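So the sequence shown is numbered by the numbering used here: it starts at 39 and just counts up by one.
Down below is the structure, laid out as structure tokens.
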Amino acid sequence: MEVTRVPVSLGERSYDVVIGERLLTELRAFAEAARPTSIFLVTDSNVGPHHAEAVQNAVVANHVLTIPAGENSKSLAQLEALYDQVFATRQLDRHALIIALGGGVVGDLAGYLAATLLRGLRYVQVPTSLLAMVDSSVGGKTAINHASGKNLIGAFHQPAAVFCDLHFLQTLPEREYVSALAEVVKTAAISGEELLAAVEHGVAALLAREPETLQRLVEACIRFKAEVVMDDERETAGLRATLNFGHTLAHVLETLFPQRYLHGEAVAIGLHAALRLSVERAKLKPALAERVAALLNALGLPAEPPAELTADAMLQVMQGDKKREGHAVHFVVISEIGEAGTLPCRLDDALAATLLGRGHA
Ligand SMILES: NC(=O)c1ccc[n+]([C@@H]2O[C@H](COP(=O)([O-])OP(=O)(O)OC[C@H]3O[C@@H](n4cnc5c(N)ncnc54)[C@H](O)[C@@H]3O)[C@@H](O)[C@H]2O)c1
39 MEVTRVPVSL GERSYDVVIG ERLLTELRAF AEAARPTSIF LVTDSNVGPH
89 HAEAVQNAVV ANHVLTIPAG ENSKSLAQLE ALYDQVFATR QLDRHALIIA
139 LGGGVVGDLA GYLAATLLRG LRYVQVPTSL LAMVDSSVGG KTAINHASGK
189 NLIGAFHQPA AVFCDLHFLQ TLPEREYVSA LAEVVKTAAI SGEELLAAVE
239 HGVAALLARE PETLQRLVEA CIRFKAEVVM DDERETAGLR ATLNFGHTLA
289 HVLETLFPQR YLHGEAVAIG LHAALRLSVE RAKLKPALAE RVAALLNALG
339 LPAEPPAELT ADAMLQVMQG DKKREGHAVH FVVISEIGEA GTLPCRLDDA
389 LAATLLGRGH A
């Protein structure tokens, strides 16, 4: 299979996203050219046993730091443990290189580690989950969580390169894989007809993890994300915020039901809500909303918010949303496939009824 490269052009912070199958040779060449004084490979307890040795050997990593798998590792305590381990090696200087081998948790945590050590070290993203490949590894958002909410402590810190090796997906559990397809549908809905049609035609192949289809669609998602990041690196112009389509309700679900949903599953439910809102307030044709909803359903993703989610509880969490301004929260809506924008919405009963899809109380 061909190796493709998607450039992310951000001046001196530019880098390539390399996509293909079995990229260890490319990764080794990059690590050699980077001439680091030492390499710290960060991975987690699920990914490490499958893939760390091969990557460590390829790049000749000096240290492998393994964190417990799971969202709980995006914590100050885990970050501090990594600082301790890195400093204990006495091999850290400004020319060290960090490699994040794992899903979005490892990427966000190791990225923030790199952003903060010695005021910023180079790091490479080697995503191993589909979600990390199509979303979190590109764009330079790094973060850990706080008791007050997800991703509240973080930094923009672009990687020096991203290597999306589709071979790693072979060991990704089915539920993790399918849930990430929600982000693929999200990208299709906000990017345009071409990708949406490609995903619709590729449902069976995607679910079978057919390599050519995967490579084509992963690349399309990355190209779109790269474009958005190049136009609005720090989410100041509103454009990058459109990547949050479906995410406002998803964050509520992740906050109130932390063990129940994977990120992508929460996003799928959030997308259904955002589609309802788009029909009501952004003139999205109902048939188009139904089309995207049908695609989410065909992929086996959940659609309904849990019955025990009350309007009050939902609105209360939204009050604390990072994207809140006064009494309004900015929701991402689409008016057409590929036409996304943000809409300030008052946190009231009408909004809750639309988002929950339960009719007015
Ligand atoms: N920085 C960003 O722009 C951005 C964007 C979206 C999401 N995120 C963050 O990403 C995180 C979610 O990412 P995720 O879904 O990858 O979660 P994750 O990193 O927890 O990975 C999901 C699970 O799959 C396992 N896993 C990953 N790759 C594997 C492989 N190849 N083989 C076997 N097991 C594997 C992990 O150990 C974990 O148990 C969240 O913390 C979210 O906030 C960040």
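We put the beta carbon where it would ideally sit given N, CA and C, even for glycine.
For clarity, every value in this text was computed on a predicted model and none was experimentally measured.
Delimiting residues of the beta strand (DSSP E) encompassing residue i
i: F201; result: A199 to D203
i: P45; result: T42 to V46
Other residues of its chain near residue i: CB distance less than 7 Å, five sequence neighbours each side excluded
i: A399; result: With a pLDDT of 47 at A399, under the threshold of 50, the predicted position of this residue should be treated as unreliable, though the coordinate-derived value follows. Within the same chain, A399 has close Cβ partners A349, D387 and A391.
i: H285; result: V305 and G308
i: L234; result: A226, A227 and I375
i: L333; result: V223, V237 and E238
i: Q123; result: L103
i: V176; result: V46, V55, V200, I260, K263, A264 and V267
Which residues DSSP lists as bridging residue i, in chain order
i: I191; result: I182
i: A138; result: V80 and Q163
i: F480; result: It is not possible to answer for residue 480, since the shown part of the chain is limited to 39 through 399.
i: R362; result: V367
i: E265; result: Beta-bridge pairing links E265 to no other residue.
i: E374; result: E377
i: Y53; result: V46
As assigned by DSSP and simplified to three states, the class of residue i
i: P249; result: helix
i: V143; result: helix
i: G58; result: strand
i: E273; result: coil
i: R278; result: helix
i: L339; result: coil
i: K112; result: coil
i: V256; result: helix
i: S175; result: coil
i: T75; result: coil
i: L210; result: coil
i: G149; result: helix
i: A220; result: helix
i: E70; result: helix
i: M39; result: coil
Boundaries of the alpha helix (DSSP H) in which residue i is found, first to last residue
i: P87; result: V85 to V97
i: V305; result: H301 to R319
i: H101; result: It is not in any alpha helix (DSSP H) - H101 instead sits in the beta strand (DSSP E) that spans H101 to I105.
i: Q354; result: A349 to Q357
i: T286; result: H285 to L294
i: H239; result: E231 to H239
i: R329; result: P324 to A336
i: T127; result: First-last for T127: undefined, no H or E at that position.
i: A390; result: D387 to L394
Minimum Cβ-Cβ distance from residue i to chain B less than 8 Å
i: Y121; result: The chain inventory of the structure shown lacks chain B, comprising one protein chain alone.
Cutoff 6 Å; reference residue i; Cβ partners in own chain excluding five residues on either side
i: A99; result: I77 and L79
i: L339; result: A220 and A306
i: A148; result: V80, I136 and A138
i: Q129; result: S76
i: P106; result: S83
i: L287; result: G308, A311 and L393
Own chain, CB closer than 8 Å to residue i, minus 5 neighbours either side, in chain order
i: L322; result: L313, S316, V371, I372, S373 and E374
i: Y150; result: L117, T180, A181, I182, I191, G192, A193 and H195
i: L210; result: T166, S167 and L168
i: A236; result: A226, R254, L255 and A258
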